[in-house]
Every structure is written in structure tokens, then in C-alpha cells.
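For the record, in the sequence shown the residue sitting at position 27 is 26 according to numbering that gives the first Met the number 0, with numbers rising by one throughout. Heads up: the structure comes next, in C-alpha cells.
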Amino acid sequence: MKYRRILLKLSGESLQGSQKYGLDPAQLQSYAEQIKAAAAEGFQIGIVIGGGNIFRGLSGAKRGFDRVKGDQMGMLATIINSLALQSALEDNGVKARVLTSIRMEPIGEYYSKAKAIEYLEASEVVIIGGGTSNPYFTTDSAAALRGIEIEADVLLKGTRVDGIYTADPEKDPTATKFDRISFEEVLDRRLKVMDLTAFTLCRENGLGIVVFDMDTPGNLGKVLAGEPIGTVVGR
């Protein structure tokens, strides 16, 4: 296998599916089925999920919420999403564990690198909720940090688009997709792959990134099989 241990970053907004808010059971089931298939192939899977389908701290600050309180609310939203995905995985016969960066037993165990790796090596899917536990940091930064900590081979960013483009493909019909791009070129072109903190963490620690469309069933398996979908970011 090209990869053995992965950190899968999922968009909270994608979990709302066709709904305008909250959780779409069909989308959760689709994700659970893809993750189950990957786990059955022997991949060790860590997951970080955003909370934008429930609450996003930065947008809350624009509506008058204190930024720190808003980010804390967003952290709780990521834990709700983590529990929902855990439930969907368990319904599909997959052993899944929720670790939280904020102490809240018995909802989830308090995160540590040692625990996460222990569960991964026992073939359990490990979902890490609560972001970095600090305000002003996105869940992209949390994904990069956890990916580095658990010694993942790659960070797979599952989004609603099928890779990185020269411009926003939803706004610019002439935008073209990259199959592969270096960290330096992403910075030079000022492409919005992840927030700069997350991206810099990956670059400085040698953690490659693959951006792909997770909302198309089967795509996770295709990425793991080495099929040329999405965009690979590396040196």
C-alpha cells in the first residue's frame, strides 16, 4: 500500500448534505461505507471533522459573538459531528473511538498521541474532536497537527470539489485543475488549499496532502488505491 496510516479531514458543511443545517443521515451513511471499505483493506484511519454545519466561530464573531466563545462553540460542534460519525460507523460494524481535545468524559476519551496510535494499531477508526482545543485555530490546523502527531503517511482532505484549481471553479469556468502541485507553487499562486497555519505545518513536517471530492461514493477508495483523482500536494 502507498499509505498505511492516514488522517482524513472531513468538512462539517458536507455532512449537512442537501439540507441547509445539521446532519444528513444519507451523507453520514455514505461516509461510513467508504471508511468501512478502507478499514477493511487494512488502512489505519484517523479522522478530524469540521463543525460548519452547526456553528463556525469566525462567522459567529461577525454576528456579534465573542470570538473565543464562538470558537469554543465551534469546537463543541465538531464533537457532535464526531459522535454522529462514530454512531454511523458502529451501525456499519466498524469499531470507532472518539477522542476529544477537551476533557469531557464519558462523551469521549481525552486525546493523547499514545492512545490514538494504540487504537489505530488495534484496527479501530479514531475520530479526534474538539479542534486543537484553542480558539483562533481552524479544524484544518487541527487536522494537520493530529496528522503529524499520529505519524500519518498523508493528510486526505475530503471536500465538495475534486481537487485544487487555478481559481474557484464555481466562479471561474476557465479554471483548470492541478493533478499535482508543490507546496511552494501553492504559496506562490496564493491558492486556498487550507488555512496558512495548517498548510505551513504540513510543509515543514513533510506531511503530503491530497485534496479530493469525498462526496462522490467510492472516491476515498480510489485515492487510497492510487488512482489519479484529486490533487496531490507535496515537494
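We put the beta carbon where it would ideally sit given N, CA and C, even for glycine. Nothing here was measured: the structure is a model prediction, and the numbers come from that model.
Measuring CA to CA, which of the options is closest to residue i?
| i | options | result |
| --- | --- | --- |
| Leu144 | Lys114, Thr199 and Glu120 | Thr199 |
| Val93 | Asn52, Gly128 and Gln28 | Gln28 |
| Thr137 | Ser10, Ser17, Tyr2 and Pro168 | Ser10 |
| Gly205 | Tyr118, Ala151 and Glu123 | Ala151 |
| Gly162 | Asp214, Leu84 and Ile46 | Asp214 |
| Ala263 | Ala36, Pro24, Leu22 and Glu32 | Only positions 0 to 234 of the chain appear in the structure, and residue 263 is not among them; the question remains open. |
| Met283 | Ala25, Asp139, Phe211 and Arg202 | Coverage of the chain is limited to positions 0 through 234, which leaves residue 283 absent and any answer about it impossible. |
| Leu22 | Gln43, Leu7, Phe54 and Ile208 | Phe54 |
| Gly16 | Leu6, Lys8, Arg4 and Tyr30 | Tyr30 |
| Ile44 | Lys156, Thr196, Ala166 and Cys201 | Lys156 |
| Ser132 | Lys19, Gly49, Phe211 and Val231 | Gly49 |
| Ala38 | Ala141, Arg3 and Gly63 | Arg3 |
| Leu6 | Gly217, Val209 and Gly233 | Val209 |
| Ala83 | Thr158, Asp187, Arg234 and Ile106 | Ile106 |
| Met74 | Asn91, Lys61, Asn52 and Phe42 | Asn52 |
| Ile46 | Val153, Glu184 and Asp167 | Val153 |
Taking DSSP as the reference, what is the three-state secondary structure of residue i?
| i | result |
| --- | --- |
| Val222 | helix |
| Gly146 | helix |
| Val160 | coil |
| Ser122 | coil |
| Asp18 | Looking at the sequence shown, residue 18 is not Asp but Gln. Of the three classes helix, strand and coil, the one that applies to Gln18 here is coil, per DSSP. |
| Ser81 | helix |
| Val185 | helix |
| Ser239 | Any property of residue 239 remains undetermined from this structure, which presents the chain solely from 0 to 234. |
Bridge partners of residue i, per DSSP?
| i | result |
| --- | --- |
| Thr230 | Val210 |
| Glu108 | Leu98 |
| Gly128 | Thr99 |
| Val153 | Ile5 |
| Ser86 | Partner(s): none; Ser86 has no beta bridge. |
| Phe177 | Ile163 |
| Gln43 | Arg4 |
To the nearest whole angstrom, what separates the beta carbons of residue i and residue j, a pair I think is in contact under 8 Å?
| i | j | result |
| --- | --- | --- |
| Gly129 | Ile101 | 5 Å |
| Glu89 | Leu98 | That belief does not hold up - the Cβ atoms of Glu89 and Leu98 are roughly 15 Å apart, past 8 Å. |
| Pro134 | Asp187 | No, Pro134 and Asp187 are not in contact; Cβ-Cβ is about 30 Å, not under 8 Å. |
Checklist entry - Where in the region 45-78 do unbroken runs of the alpha helix (DSSP H), each at least 4 residues long, occur, reported from the N-terminal end onward? => result 56-61
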